[in-house]
Each structure stands twice: as C-alpha cells, then as structure tokens.
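Sequence order for the protein chains is A and B. The first sequence stops at residue 112 when you use this note's numbering, and every number in between is there. The second sequence stops at residue 114 when you use this note's numbering, and every number in between is there. One structure below.
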Amino acid sequence: GIQVEQSPPDLILQEGANSTLRCNFSDSVNNLQWFHQNPWGQLINLFYIPSGTKQNGRLSATTVATERYSLLYISSSQTTDSGVYFCAVVRSETDSWGKLQFGAGTQVVVTP
Amino acid sequence: ETGVTQSPTHLIKTRGQQVTLRCSSQSGHNTVSWYQQALGQGPQFIFQYYREEENGRGNFPPRFSGLQFPNYSSELNVNALELDDSALYLCASSFRRGSDSPLHFGNGTRLTVT
Chain A
1 GIQVEQSPPD
11 LILQEGANST
21 LRCNFSDSVN
31 NLQWFHQNPW
41 GQLINLFYIP
51 SGTKQNGRLS
61 ATTVATERYS
71 LLYISSSQTT
81 DSGVYFCAVV
91 RSETDSWGKL
101 QFGAGTQVVV
111 TP
Chain B
1 ETGVTQSPTH
11 LIKTRGQQVT
21 LRCSSQSGHN
31 TVSWYQQALG
41 QGPQFIFQYY
51 REEENGRGNF
61 PPRFSGLQFP
71 NYSSELNVNA
81 LELDDSALYL
91 CASSFRRGSD
101 SPLHFGNGTR
111 LTVT
C-alpha cells in the first residue's frame, strides 16, 4: 500500500512561533487531507488539498503532487494549536475513495 | 448544517461481548467510512458504505461488520470483543462517491474492553 511519512514526529513551540510540518507519500494520490486532532480526540478537517496552495487564517498548506509531498504551515502559533496533526491520502485509481491512509502524525505542543 | 454525530461517546465492555456503535452522517452526505484509532497511532480504515452496501474494506477480521441505512446513518458491530479492540472508533462521511470528496469525521466512540 501507499506509505505516508510525516516529519517531525514531535514539535515544541513557544507561543507566537512559526512552524512547518511535512508529509511525504510514496504514490500518486487523488485526495490529501490535513487534520488536527485535539487532546479530546476530535479530528478536525483543516485542508482538502490534493494539489496547490490554500490558506485559512494562520494556517496554510501546499501540496506538490508531482514531487509527492505536502507542507502545513502554522504561523503565530497559539496554545490552542496543540495536538496531533495528521496527513492522510487516498491513492489514485486503485484504492476505494473512502480509504484514507494516515501518517503517524506530528505531535505539536505550544507553550505559553 | 449538522455534522457527523456518533454515539455513545464512551463504552466499556468485557472480552467476548458484542458491541454496536452508531453514526449519523453529515447532512447531504451519502457515503460513510469507519476507522479504528489505537492509542498513539493514526486512524486505520475498517470499511466504507455507499448505498447501503459495503464498498471497500481494510485489514480487519469478519467479526467487524457494519450497516448503512436508507437515511445514510450507519452502525459498526464488533463481535467476540478482544482486549486489542480497545480504541477510539471514528466515523467519517463524505458528500459523494469519489476520492475527490473530502471526509468529515465525528468525535468518535472510545471503547474500552476489559
């Protein structure tokens, strides 16, 4: 199956700092989503971004499909940004459309 | 617009028992997928349903089964519970069939098997 690798595995930030999370995937994809899982387990959809660049407030994401990677940018981090960030993909053509393959996640801790 | 809702939020069962988890899809969504998330790991795909039929399954044994109803709500049933079934179970729905339709997740059901 498709491999999804996220880096770094852990990230500690001071409030106000900027950061970049990376997601590499091993095959072409039709779907790529970034999620934030808060400490209560809620999985929140941040971006649907199989290609291109999107921005939503302090968050933005870029996917370069031809080079098989995606980046999530967090600017001016806040303590509420703490949690685990997951990248998830659906491989093109052969996999069922609901079958998201998740990476292992990046654990982010933002300190006051 | 109502999001994906799951019930119950928490559940404790004994090894060997059976459990049913429920999910109501987001309004307008006709596909539903179920995921299992063990502690410290990413979610793992169990199966998905479209038009009341299973349409794709992950690497889970047959004792994991499901249903989708005409109103697009869904159930996940697990028989003969094992300790390793302890996990957060997530339901996700999407607007339509197709990998270009993003998935939206519910808050999950946390199952503990003792």
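Where a beta carbon is used, it is the ideal one built from N, C-alpha and C, also for glycine.
Around the C-beta of B:Gly40, are 16 or more other C-beta atoms found within 10 angstroms, so that it is buried, or is it exposed?
Flag for B:Gly40 reads exposed.
The beta strand (DSSP E) with B:Leu11 in it runs from where to where?
His10 to Lys13 is the extent of the beta strand (DSSP E) around B:Leu11.
Examine chain A for any beta-carbon lying closer than 7 Å to the beta-carbon of B:Leu88, and answer yes or no.
Answer yes: the Cβ-Cβ gap between B:Leu88 and chain A drops below 7 Å somewhere.
Please say whether B:Gln36 and B:Ala87 have beta carbons closer to each other than 7 Å?
Yes. Within cutoff.
Could you give the DSSP three-state label for B:Asp84: helix, strand or coil?
Looking at B:Asp84 - three-state DSSP - the assignment turns out to be helix.
Residues of chain B with a CB under 7 Å from the CB of A:Tyr48: which are they?
What A:Tyr48 touches in chain B: Pro102.
Using DSSP's beta-bridge definition, name the partner residues of B:Glu52.
B:Glu52 pairs with nothing; no bridge assigned.
Cutting at 8 Å between CB atoms, please list the residues of its own chain near B:Ser101, excluding the five before and the five after it.
Contacts found: Thr31, Ser94 and Phe95.
Looking only at C-alpha atoms, which of B:Gln26, B:Tyr49, B:Thr5 and B:Ile12 sits nearest to B:Glu82?
Comparing Cα-Cα distances from B:Glu82 to each of B:Gln26, B:Tyr49, B:Thr5 and B:Ile12, the minimum goes to B:Ile12.
So what's A:Glu15 in DSSP terms, helix, strand or just coil?
Coil at A:Glu15, not helix or strand.
Measuring CB to CB, does A:Ser92 end up less than 7 Å from A:Ser28?
Contact: yes.
Compile a chain-ordered list of the residues in the segment 47-69 of chain B whose CB is closer than 9 Å to at least one CB of chain A.
Cβ contacts with chain A: Phe47, Gln48, Tyr49, Tyr50, Asn55, Gly56, Arg57 and Gly58.
Would the segment 69-80 of chain B count as touching the segment 14-25 of chain A if we require 3 or more Cβ pairs under 8 Å?
The segment 69-80 of chain B, when compared against the segment 14-25 of chain A, does not touch it at the 8 Å Cβ threshold.
Looking at the C-beta of B:Asn30, does it have a partner C-beta in chain A at a distance below 7 Å?
Taking Cβ atoms only, chain A never reaches closer than 7 Å to B:Asn30, which makes this a no.
For B:Pro8, which residues in chain A fall below 7 Å Cβ to Cβ?
Neighbours of B:Pro8 on chain A: none; closest Cβ ~14 Å, over 7 Å.
Is A:Thr79 helix, strand or coil by DSSP?
Note: A:Thr79 maps to helix in three-state DSSP.
Using a Cβ-Cβ cut-off of less than 7 Å, list which residues of the segment 6-36 of chain A approach chain B; keep chain order.
Listed by position along the chain: Asn30, Asn31 and Gln33.
Between the Cα of B:Arg51 and those of B:Gly58, B:Asn71 and B:Pro43, spot the shortest distance and give me the residue it belongs to.
Selected option, being the one with the closest Cα: B:Asn71.
Three or more beta-carbon pairs under 8 Å between the segment 2-14 of chain A and the segment 79-89 of chain A, yes or no?
Verdict: yes, contact present.
Would you please state the rounded distance, in angstroms, between the beta carbons of B:Gln6 and A:Lys99? I believe it to be under 8 Å.
So it is not a contact: roughly 19 Å between Cβ atoms.
In or out: B:Ser33 buried (at least 16 other Cβ within 10 Å) or exposed?
Its Cβ being crowded by 16 or more others within 10 Å, B:Ser33 is buried.
For chain B, find out if any of its Cβ atoms is closer than 7 Å to the Cβ of A:Ala65; answer yes or no.
Chain B, which has no Cβ nearer than 7 Å to the Cβ of A:Ala65, makes this no.
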